[in-house]
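If you're matching positions, the sequence shown starts at -12 in our numbering and goes up one per residue.
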Amino acid sequence: MKCLYCGKETQKDYCSQECQQKAEQYYQNQRKGMPVFAVVALIAIGIALLWNSPYRTTLSLILLGLDFIIFPFTKASTIRRSGIQKSMTIARCIGGIALLFGIVSYFFL
Ligand SMILES: [Zn+2]
């Protein structure tokens, strides 16, 4: 099986004590950060759907992008498949792309 944190081959759930600690830290942050993450995501979606302004795309993309960069949470299935470390990188990449599109859209809309 694979280490749940870094994805390396291992006999146990985690390949090292370090990975186990980091994973516990991640789940702790997720428990604490999830409500904030959800509220920011809802505000971003609300702005995109309800706010009648030319800047709504820009603002909602930037908000969503920052949300994912600060709280790099993904689905449990992604974590199982790729490990926590990789899933955080994926979430931050998605956030970075959203942020970039948000900034670019400011100049083109
Ligand atoms: Zn590991």
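Each residue gets a CB set at the ideal place from its N, CA and C atoms; glycine is no exception.
Under 8 angstroms between C-beta atoms of residue i and residue j
i   : j   : result
I30 : L86 : no
V23 : F60 : no
L96 : T65 : no
Close Cβ partners of residue i (< 6 angstroms) along its chain, the five nearest in sequence each way excluded
i   : result
I71 : Y(-8), A10, Y13
Q8  : none
Distance between beta carbons of residue j and residue i, contact taken as under 8 angstroms
i   : j     : result
K73 : G(-6) : 6 angstroms
Residues near residue i in its chain [Cβ-Cβ closer than 8 angstroms; skip 5 each side]
i      : result
K(-11) : K(-5), E(-4), T(-3), G70
S92    : T44, T45, L48
Cut-off 7 angstroms between Cβ atoms - residues of its own chain near residue i, not counting five sequence neighbours on either side
i   : result
R79 : F55, I56, P59
G52 : G82, G83, A85, L86, G89
Q17 : F60
(request) Give, in chain order, every unbroken run of the alpha helix (DSSP H) that is at least 4 residues long and sits entirely within the region -7 to 57. (result) 4 to 37, 43 to 57
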